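Colleague: My structure is below; once you've seen it, I'll send some questions.
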Amino acid sequence: MGRCDSPEAVRALLDRGGLVVDVRSTLEFAAGGLPGSLNLPLHLLPVLAQERLPSDRPLLVCCASGARSAQAVQYLMRRGYEAHDLGPWTLLSNLR
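Here the numbering used here = 1-based position in the sequence shown + 739.
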């Protein structure tokens, strides 16, 4: 799906039931994150994706800088998820 960086596109995905997935570490997430987002650290994605991520909703993936979210999106897309790279979570804070 690629990078999703327009506020309108993000809102449209959220309106479709999109789930924000933050792939930062647990400690990073505890220091601040988007309310309602799911923290699933990148290193745990292969182990927990099938158990924790819905396959029938868009996944809006974020991290601290955009590097980990890009890796996570590629991984998820190869497994059939509709995944969108949102880059840094701080860019989303004004959307909620």
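Just so you know, even glycine gets a beta-carbon here, dropped at the ideal spot from N, CA and C.
From a predicted model like this one, the values you see are computed outputs, not experimental measurements.
Would you be able to state if there are at least three C-beta pairs under 8 Å between the region 825-832 and the region 795-813?
Modeller: yes
Colleague: If you compare alpha carbons, which of D761, A788, L831 is closest to M816?
Modeller: Closest by alpha carbon: A788.
Colleague: Please classify A770: does DSSP put it in a helix, a strand, or coil?
Modeller: coil
Colleague: Within 10 angstroms of its Cβ, does V797 collect 16 or more other Cβ (buried), or is it exposed?
Modeller: Position check: residue 797 holds Pro in this sequence, whereas Val was assumed. Answer is buried; the Cβ neighbour count reaches 16.
Colleague: Measure from the C-beta of G757 to each C-beta in chain C and report whether the shortest distance is under 9 Å.
Modeller: As a matter of chain content, chain C is missing from the structure shown, which is built from one protein chain.
Colleague: Measure the beta-carbon distance from P780 to S764 and round it to whole angstroms, keeping in mind my assumption that it falls under 8 Å.
Modeller: 5 Å
Colleague: Can you name, in chain order, every residue of its own chain whose Cβ lies under 6 Å from the Cβ of F768, other than the five neighbours on each side?
Modeller: Contacts found: D761, N778.
Colleague: Can you tell me whether A822 is buried or exposed? The criterion is at least 16 other CB atoms within 10 Å of its CB, across all chains shown.
Modeller: buried
Colleague: Roughly how many angstroms lie between the CA atoms of L830 and C743, to the nearest whole one?
Modeller: Taking the straight line joining both Cα atoms gives about 11 Å.
Colleague: Tell me whether S832 is buried or exposed, calling it buried when 16 or more other Cβ atoms sit within 10 Å of its Cβ.
Modeller: exposed
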